[in-house]
Amino acid sequence: MTHAVLGTGTVGQAIANKLLSLGHTVVLGSRTADNPTATDWATSGGDRASHGTFAHAASGADVVWLAVQGQHALAVVAAAGDALDGKVVLDLTNPLDFSQGFPPRLFVCNDDSLGEQIQRAAPNARVVKTFNTLANALMVGPEQLPEATDVFVSGEDADAKATAIEVLRAFGHPDPIDMGGIGASRGLEAWLLLWTRLYGRFGSPMFNLKLVRG
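First residue of the sequence shown? That's 329 in our numbering, and the numbers climb one at a time after it.
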């Protein structure tokens, strides 16, 4: 399977490296074709690693990962354009606003979400909100915690969610929870209001939700 990872930061590189370790072909996408971070990553990644613009990366992919800061998400979707049409797009973003310092606020919440905005901006893509509720180290290495924890998917397309769940299980998350439609992004993104405060309290991002059901 070919994956496009849009974003060259720590989240994007963590996802891209995990995918390579699982045997996938990965294209790291960035704003320009000559992005030095993407170039260095592809050079060191071997035969299954390459890089290009957001549109180039998405065009040949089976699955596209949106792994950028929330404030840039819609611009990246616009740059990828119709290369996202028909693709499973895994949206890892959060609408965090640090303009007033830490802890951040959300720049969209309550009656809308960034996940919904992304789906509206790419109406022919099959957007699945996932992995926005935990740190990137735990996205790719959940075994670093002493017991299994929970991750979530939400989106309008059942087949896209099934693909997402298959990938999440390969990453080590045994039982992802299907939250329903993309509107569930409102709750998943709102978790960051508590997550960031827990991060401030613990001084570490190495924690995650575990739901105990009766």
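All C-beta atoms in this analysis are idealised placements derived from N, C-alpha and C, irrespective of residue type, glycine included.
- Query: Between 381, 355, 391 and 386, which lies nearest to residue 490 when the distance is taken from Cα to Cα?
  - Reply: 391
- Where does the unbroken alpha helix (DSSP H) through residue 347 begin, and where does it stop? 338-349
- Query: Just the Cα atoms here: how many angstroms apart are residue 410 and residue 450?
  - Reply: 8 Å
- Message: Alpha carbons only, please: which of 402, 386 and 498 is nearest the one belonging to residue 332?
- Response: 386
- Query: residue 498: buried (16+ other C-beta within 10 angstroms of its C-beta) or exposed?
  - Reply: That one is exposed.
- Find the nearest neighbour of residue 536 within the set 485, 507 and 473, judged by alpha-carbon distance. 473
- Item | Proximity winner among 471, 465, 396 and 502, relative to residue 480 (alpha-carbon distances) | 502
- Task: Keeping to the same chain, check which residues put their C-beta closer than 8 Å to that of residue 461; ignore five residues upstream and five downstream.
- Result: 479, 480, 516, 519, 520, 523, 536 and 537
- Own chain, CB closer than 6 Å to residue 433, minus 5 neighbours either side, in chain order: 425
- Task: Put residue 402 into one of helix, strand or coil per three-state DSSP.
- Result: helix
- What first and last residue would you give for the alpha helix (DSSP H) that runs through residue 353? Taken as a continuous stretch (DSSP letters only), residue 353 belongs to no alpha helix (DSSP H), being part of the beta strand (DSSP E) at 353-358.
- Query: Three or more C-beta pairs closer than 8 Å, one from the segment 443-458 and one from the segment 404-419: is that the case here?
  - Reply: yes
- Message: With distance defined between alpha-carbon atoms, name the residue in 383, 394, 380 and 378 nearest to residue 340.
- Response: 394
- Item | Beta-bridge partners of residue 454, as assigned by DSSP | According to DSSP, residue 454 shares a beta bridge with 416.
- Under 8 Å by Cβ, that's how I've got residue 381 and residue 360 pegged, so tell me the actual separation to the nearest angstrom. The Cβ separation is near 7 Å, so the contact holds.
- Sheet register partners of residue 377 (DSSP bridge): According to DSSP, residue 377 shares a beta bridge with 354.
- Query: Out of curiosity, what's the CA-to-CA distance linking residue 352 and residue 416?
  - Reply: Whole-angstrom Cα-Cα distance: 16 Å.
- Task: Measuring alpha carbon to alpha carbon, tell me which of 531, 371 and 539 ends up nearest residue 430.
- Result: 531
- Item | Sequence-distant residues of its chain with Cβ nearer than 7 Å to residue 539 (five each side left out) | 478
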